[in-house]
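What follows is a set of notes on a single structure, which appears directly below.
Number of protein chains: 2
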Amino acid sequence: MSKLKPKTPKGMRDFLPSDMYKREYVYGVVREVFESFGFEPISTPVMELEKNLMGNYGADAEKLIYHAKHTEGKEQLALRYDLTVPLSRFFAEHENELPLPFRRYHIAPVWRGERPGRGRYREFIQCDADIVGIKGIAADAECVSVVYAALTRLGFQDFTIKMNTRKLLTGVGVYAGVPDDQLGELYRSIDKTDKIGLEGVAKELADSGMAQEVIDRMVGLLGLQTDDKDAVLAHLQAEMGHIEIAQEGIQELQDLVKYTRAFGVDDANTMLDFTMVRGLGYYTGPIFETVITKPENLGSVQGGGRYDELIGLFRHQSLPTTGISLGIERIIDLMDQLDLYPESVKQSPIHVLVTVFDDNLLAESMKLAAELRNAGVSAEVYLDPRKSLGKQLGYAEGKGMPCAAIIGSDELAQGVVKLKRLADRHEETIQRGDVAQTVQAWLDQ
Amino acid sequence: MSKLKPKTPKGMRDFLPSDMYKREYVYGVVREVFESFGFEPISTPVMELEKNLMGNYGADAEKLIYHAKHTEGKEQLALRYDLTVPLSRFFAEHENELPLPFRRYHIAPVWRGERPGRGRYREFIQCDADIVGIKGIAADAECVSVVYAALTRLGFQDFTIKMNTRKLLTGVGVYAGVPDDQLGELYRSIDKTDKIGLEGVAKELADSGMAQEVIDRMVGLLGLQTDDKDAVLAHLQAEMGHIEIAQEGIQELQDLVKYTRAFGVDDANTMLDFTMVRGLGYYTGPIFETVITKPENLGSVQGGGRYDELIGLFRHQSLPTTGISLGIERIIDLMDQLDLYPESVKQSPIHVLVTVFDDNLLAESMKLAAELRNAGVSAEVYLDPRKSLGKQLGYAEGKGMPCAAIIGSDELAQGVVKLKRLADRHEETIQRGDVAQTVQAWLDQ
């Protein structure tokens, strides 16, 4: 047979066991935090009907969508591009079984045929939590809080959750006197503040023909010091409170600040950022974005906000919805970089290698392993008796197992086992019935 | 906007939270059992290069494979059809990082465009555990043992793991004098024993022109009583030991019996079944299949066996490999049917609904929820203060939450909380600092 070439598709990855333990740990912590707030897991098919995906993301994005079909299939399918349109479809399909408010989380892969690059993949995990059915900003505050709780539980300390609202952005435009048809352009410019600074934004707007007076009024607001959240919101209130949309935005941010505090979010980890826009067109209210700030600005690990129209895609009437997406792929990378994984994740979950003396004693090694497992200790039997004891111990060390148990004919006759701690080569001869207990004691050290 | 129709693709399923809790429980138990034997998790992309999948499954199967591509993509991709070819590809691609023996498990969806039917889906989860690099039957016995351990841990009692080997099947053919070119047909007939009985098989073979004497010799062997495994293997040894391939097969089954016993597998849950063939062409040695036997024969929940050639697909030289696949979708259905889920899985994982008295007290409810979470109790805040207390409690009951916490202005002033146990409507007024502890005590009852 002509051999096939072992190769993963471009931009897609295999994960080895050592990767998997880390990923499962992160998913596990996040799941636990989500569930502690009342978010519940759902799952949807990897593929959706093609016509339900196309038309929702814009032409550029849609070029990246994977289309799929089997030879005799009649349905045109497409692999999901995100977890948000599937949520809308899911909700509409099952709403009779879903009491409101409906909080769901979904941790699952999505596919985008982008040019692969550092940290950019064609298959990657998204991790979304959303609340459907609550108009009040309490829901947005809960989303911010769940991000705070998840990052804190994972061990991150130096991060900032930036908060803004689309309504305030619109209000700023109105206040400054930006004509309606220039609002989109205004947002696109403001969105670049991170990269080019407010002066850069001002210059760009001036180049585009916006009146200098308008620009000055706006940049003055966008550049306000926000360390004292209550003070800056009071200032905005005085300045722009007469503009209805601005007033609504200010009230949203006041509620967001009040409720995140009630949820126990440390004020030092949140920030009002009036220049934060977030690209996606579908946001209608508060928006959030989280960056890891130390040892340096390591980029965004979370995005989200309120999108009150999207659930209406598959439904006569839309429902208020707000949510967040954790950038779990980047979080996983940062966990390594910042050394946040607990020791238990770095070690092998296999506690003991039971070595094999020879063919005749193989069954005895299996019995010992079964005894250990029944006592709650995970135990792998080395199944190849032809390999030397040294080779077998080397295998255990290579895989990071903490202990090895040796049972030869002498040990068998005496009812004992030689137990080796591989880190320091400490060895003890132990009554067979006490092996599990000793392993447990060594693990707890 | 014209509304889209909320519809999942044919044969593909959404899972609601109540489904997900059950599925996650089953995956969790299986993962734990796999890891306790030293099997390690891996993950591969959902899509493989099309040319790496096609040509491995036969023409009929290949019609069912989903082909995928994004608009500007150059690679022709296909969604995986099983987890075995991806294992071969994965192993060849990473073998330098994978010490032998390599035990991996993989729980992940696969796609087949079959006609959907009862228990047959186009997207379904496979759950495979395999050992690469061990020639000895000890590895096969470990695979049988891990099936036994997983089913037992899930609560199944009445199941039978049938064991046979391809070598003995060949040996029976040689012994009976079946011409080589009729062996394939012979297997196909024997494979029908479950449905048409040995008499039916005999008739079919006679109709196909096989000599009656040959048929009689064979049916005599296939129909041997196998209750006493050691006795029947000794009988086969005396009868067929002179035929080399039969001798090898008998030795394999002797080892399988000896080693599964050593691993602690109850002899009552295993059976030698000389008529068990298993369809897949790639098996080369021992084969296994598990059926749930009570309250009636509920069908197969596991298949597997040794396939020493398959790893060679992507590699100059093949390596001995054996493995099992748990029919996790059917297991999940049977768990419900046999009522095997523990109470904790049937209940909501959200312990407390913190109700909301009015807008002014919403922040107080959030604070209480945060206090409970910090004490390890999961707590959902009802975020809509306009809803009556009755509606809020109804929501909690509908979702199966065990408790509700009520905090109004009186309770706030007195530093207490009204805690309600929803199952029996028992209510207590409790110091705020003691709420978590009381919830925990009620949960433990």
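These protein sequence lines are chains Y and H, in that order. If you want our numbering, it's the position in the first sequence, counting the first as 1, plus 2. If you want our numbering, it's the position in the second sequence, counting the first as 1, plus 2. The beta carbon of each residue, even a glycine, is placed where N, CA and C say it ideally should be.
Kindly indicate the opening and closing residues of the alpha helix (DSSP H) around residue i.
i, result
"Thr-324 of chain Y", "Counting along the chain, Thr-324 of chain Y falls outside any alpha helix (DSSP H), though it belongs to the beta strand (DSSP E) covering 323-328."
"Pro-88 of chain Y", "86-96"
"Ser-147 of chain Y", "139-156"
"Asn-376 of chain H", "364-376"
"Glu-246 of chain Y", "246-264"
"Glu-430 of chain Y", "Per DSSP, Glu-430 of chain Y belongs to no alpha helix (DSSP H); it is in the beta strand (DSSP E), 428-433."
"Lys-214 of chain Y", "With the sequence shown as reference, residue 214 of chain Y is identified as Gln, and Lys is not the correct amino acid for it. 214-224 is the extent of the alpha helix (DSSP H) around Gln-214 of chain Y."
"Glu-345 of chain Y", "345-348"
"Val-441 of chain H", "437-446"
"Met-22 of chain Y", "19-38"
Does the separation of the CB atoms of residue i and residue j fall below 9 Å?
i, j, result
"Leu-342 of chain Y", "Gly-225 of chain Y", "no"
"Pro-181 of chain Y", "Gly-13 of chain Y", "no"
"Asn-54 of chain H", "Lys-7 of chain Y", "yes"
"Gln-256 of chain Y", "Leu-223 of chain Y", "no"
"Tyr-68 of chain Y", "Met-278 of chain H", "no"
"Val-358 of chain Y", "Ser-346 of chain Y", "no"
"Ala-204 of chain Y", "Val-35 of chain Y", "no"
"Asp-131 of chain Y", "Gly-325 of chain Y", "It is worth fixing the name first, because residue 131 of chain Y is Ala in this sequence and not Asp. Yes, Cβ-Cβ distance for Ala-131 of chain Y and Gly-325 of chain Y is below 9 Å."
"Tyr-285 of chain Y", "Tyr-309 of chain Y", "yes"
"Ile-334 of chain H", "Lys-9 of chain H", "no"
I'd like the span of the beta strand (DSSP E) that includes residue i, first residue to last.
i, result
"Tyr-107 of chain Y", "104-113"
"Tyr-68 of chain H", "68-72"
"Arg-423 of chain Y", "418-423"
"Ser-302 of chain H", "302-308"
"Ile-408 of chain H", "405-408"
"Lys-164 of chain Y", "161-167"
"Val-293 of chain Y", "288-294"
"Gln-184 of chain Y", "Element bounds for Gln-184 of chain Y: n/a, residue is neither H nor E."
"Leu-81 of chain H", "79-81"
"Glu-125 of chain Y", "125-134"
Here's the rule I'm using: 16 or more other beta-carbon atoms within 10 Å means buried, otherwise exposed. How should residue i be labelled?
i, result
"Gln-394 of chain Y", "buried"
"Lys-197 of chain H", "exposed"
"His-108 of chain H", "buried"
"Thr-292 of chain H", "buried"
"Thr-431 of chain H", "exposed"
"Gln-304 of chain Y", "buried"
"His-72 of chain Y", "buried"
"Arg-353 of chain Y", "Before going further, note that residue 353 of chain Y is His rather than Arg in the sequence given. With 16 or more other Cβ atoms within 10 Å, it is buried."
"Ala-233 of chain Y", "exposed"
"Phe-240 of chain H", "The sequence shown places Ala at residue 240 of chain H, rather than the Phe named in the question. Exposed, because fewer than 16 other Cβ atoms sit within 10 Å of the Cβ of Ala-240 of chain H."
"Lys-422 of chain Y", "buried"
"Arg-155 of chain Y", "exposed"
"Gln-128 of chain H", "buried"
"Gly-115 of chain Y", "buried"
"Ala-443 of chain H", "exposed"
"Pro-344 of chain Y", "exposed"
"Ala-178 of chain H", "buried"
With distances taken Cα to Cα, identify the nearest neighbour of residue i among the options.
i, options, result
"Glu-74 of chain H", "Y:Glu-64, Y:Lys-76 and Y:His-72", "Y:Glu-64"
"Asp-16 of chain H", "Y:Pro-47, Y:Arg-33, Y:Glu-26 and Y:Gly-30", "Y:Pro-47"
"Thr-162 of chain H", "H:Val-149, H:Gly-173 and H:Val-174", "H:Val-149"
"Val-112 of chain Y", "Y:Glu-254, Y:Arg-106 and Y:Val-87", "Y:Val-87"
"Lys-296 of chain H", "H:Ala-406, H:Leu-340, H:Leu-321 and H:Tyr-285", "H:Leu-340"
"Lys-401 of chain Y", "Y:Gly-435, Y:Met-220, Y:Gln-349 and Y:Leu-89", "Y:Gln-349"
"Pro-404 of chain Y", "Y:Val-379, Y:Tyr-177, Y:Leu-414 and Y:Ser-411", "Y:Val-379"
"Arg-280 of chain Y", "Y:Val-259, Y:Gly-306 and Y:Val-267", "Y:Gly-306"
"Gln-159 of chain H", "H:Ser-191, H:Leu-336 and H:Ala-407", "H:Leu-336"
In chain B, what lies closer than 7 Å to residue i by C-beta?
i, result
"Thr-73 of chain Y", "This model lacks chain B altogether, as its protein chains are Y and H."
Between the region 100-115 of chain Y and the region 135-148 of chain Y, can you find at least three pairs of beta-carbon atoms closer than 8 Å?
yes
Inter-stretch contact at 8 Å, needing at least 3 Cβ pairs: the region 273-281 of chain H / the region 228-239 of chain H
yes
Measuring CB atoms only, is the region 371-383 of chain H touching the region 309-325 of chain H, in the sense that at least three cross pairs come out at less than 8 Å?
no
Check whether the region 31-42 of chain Y touches the region 376-387 of chain H, counting contact only when three or more Cβ pairs, one atom from each stretch, lie closer than 8 Å.
yes
Would you check if the region 330-342 of chain Y and the region 19-26 of chain H touch, i.e. whether three or more CB-CB distances between them fall below 8 Å?
no
Three or more beta-carbon pairs under 8 Å between the region 73-89 of chain H and the region 136-152 of chain H, yes or no?
no
Okay, do the region 244-253 of chain Y and the region 158-171 of chain Y touch, 3+ Cβ pairs below 8 Å being the bar?
yes
Taking contact to mean at least 3 C-beta pairs separated by less than 8 Å, is the region 355-367 of chain Y in contact with the region 114-128 of chain Y?
no
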